[in-house]
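*Asks:*
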Amino acid sequence: MRLNVITLFPEMVEQALSFGVIGRAIKQGLMTVHTYNPRDYAENKHNTVDDKPFGGGAGMVMMYDPLLRTWQAVQDSGQAGDLYYLSPQGQVLDQSLCNALAQTEALTLLCGRYDGIDQRFVDRHVDAELSIGDYVISGGELAACVVVDAIGRQLKGVLGDEDSAKTDSFMSGQLVAPQYTRSEILGQSGVPAVLLSGNHQAIAQWRAEEAALVTQQKRPDLVGTSGGSNATHVPMRTEED
Ligand SMILES: C[S@@+](CC[C@H](N)C(=O)[O-])C[C@H]1O[C@@H](n2cnc3c(N)ncnc32)[C@H](O)[C@@H]1O
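Under the numbering used here, residue 359 is the last one in the sequence shown; the count climbs by one each step, no gaps.
1) Name the DSSP beta bridge partners of Arg-120, please?
2) Can you grab the Cα-Cα spacing for the pair Leu-126 / Cys-229, in whole Å?
3) Quick one: give me the first and last residue of the alpha helix (DSSP H) that Val-131 is part of.
4) Could you please give me the residues that DSSP links to Glu-247 through a beta bridge?
5) Between the Cα of Arg-242 and those of Gln-190, Val-151, Ile-269, spot the shortest distance and give me the residue it belongs to.
6) Which residue or residues does DSSP assign as beta-bridge partners of Val-167?
7) Return yes when the C-beta of Ile-235 is under 7 Å from any heavy atom of ligand 1, and no when it is not.
8) Can you confirm whether the segment 210-224 touches the segment 245-253 when touching is taken to mean that 3 or more C-beta pairs between the two stretches lie within less than 8 Å?
9) Which residue from Arg-157, Ile-144, Arg-142, Phe-137 puts its Cα closest to that of Pro-128?
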């Protein structure tokens with residue numbers, strides 16, 4: 119899968135995605151991440167990419183023209199896919215949405231900075247807006263990395279154990295059961311006896327019961343939902359928009 123990221127801070131994205139399973143997946147070519155910096159497409163003396171908002175007000179706005187030229191460069195690659203603007207106004211990301219995005223061959227993530235981007239770019243070129251939650255952060259880069267990571271771990275071969283992602287929280291509408299491992303300090307104290315029994319059927323049953331219990335306790339809103347495994351919905355702009 120190819121992920122293009124339009125960002126004023128490419129190093130931030132590249133660095134953040136260079137660790138752990140995602141870093142390894144990129145090194146192995148299981149997914150590719152291409153960054154495009156609007157400053158490289160500014161075409162003015164000071165490489166300006168932002169200006170004051172019409173009507174006044176605090177903050178600067180990312181300008182239409184450099185964004186358009188950057189988007190055209192991404193499209194010239196032939197592997198742009200749909201364009202998603204990371205925005206606090208977007209559909210809030212969940213497992214189902216991440217799974218749907220992971221089904222695509224390529225997509226492009228646009229990171230805003232300052233007070234956001236010229237609305238005309240959103241209206242004319244953005245297919246959908248994605249939010250990582252109802253709060254505001256300083257730029258889209260961290261949000262883009264969240265999206266890339268959440269998508270990446272769904273791709274074949276990225277996790278060592280093929281089933282790992284399938285058994286994550288949210289994949290079947292539940293949280294997962296608690297986990298325990300070796301401790302010199304605690305020994306086996308506090309570890310549920312069934313996990314030490316070697317009885318795989320009993321362990322599976324305990325995990326299923328615990329998953330239901332913690333979901334009920336921590337996220338009762340998930341009870342009765344089917345979760346991310348039934349993903350079908352990617353928010354898209356329609357022609358009438
Ligand atoms: C400081 S924010 C601009 C916020 C804007 N003034 C508003 O109140 O809606 C700058 C950029 O950070 C990104 N951003 C901020 N919060 C986000 C969120 N919750 N999800 C995704 N991206 C976010 C967007 O790309 C946005 O253009």
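Where a beta carbon is used, it is the ideal one built from N, C-alpha and C, also for glycine.
*Replies:* Taking the definition as stated:
1) Thr-150, Ala-224
2) 8 Å
3) 128-134
4) Paired residues: Tyr-203.
5) Gln-190
6) According to DSSP, Val-167 bridges with nothing at all.
7) yes
8) yes
9) Looking from the CA of Pro-128, the closest CA among Arg-157, Ile-144, Arg-142, Phe-137 belongs to Arg-157.
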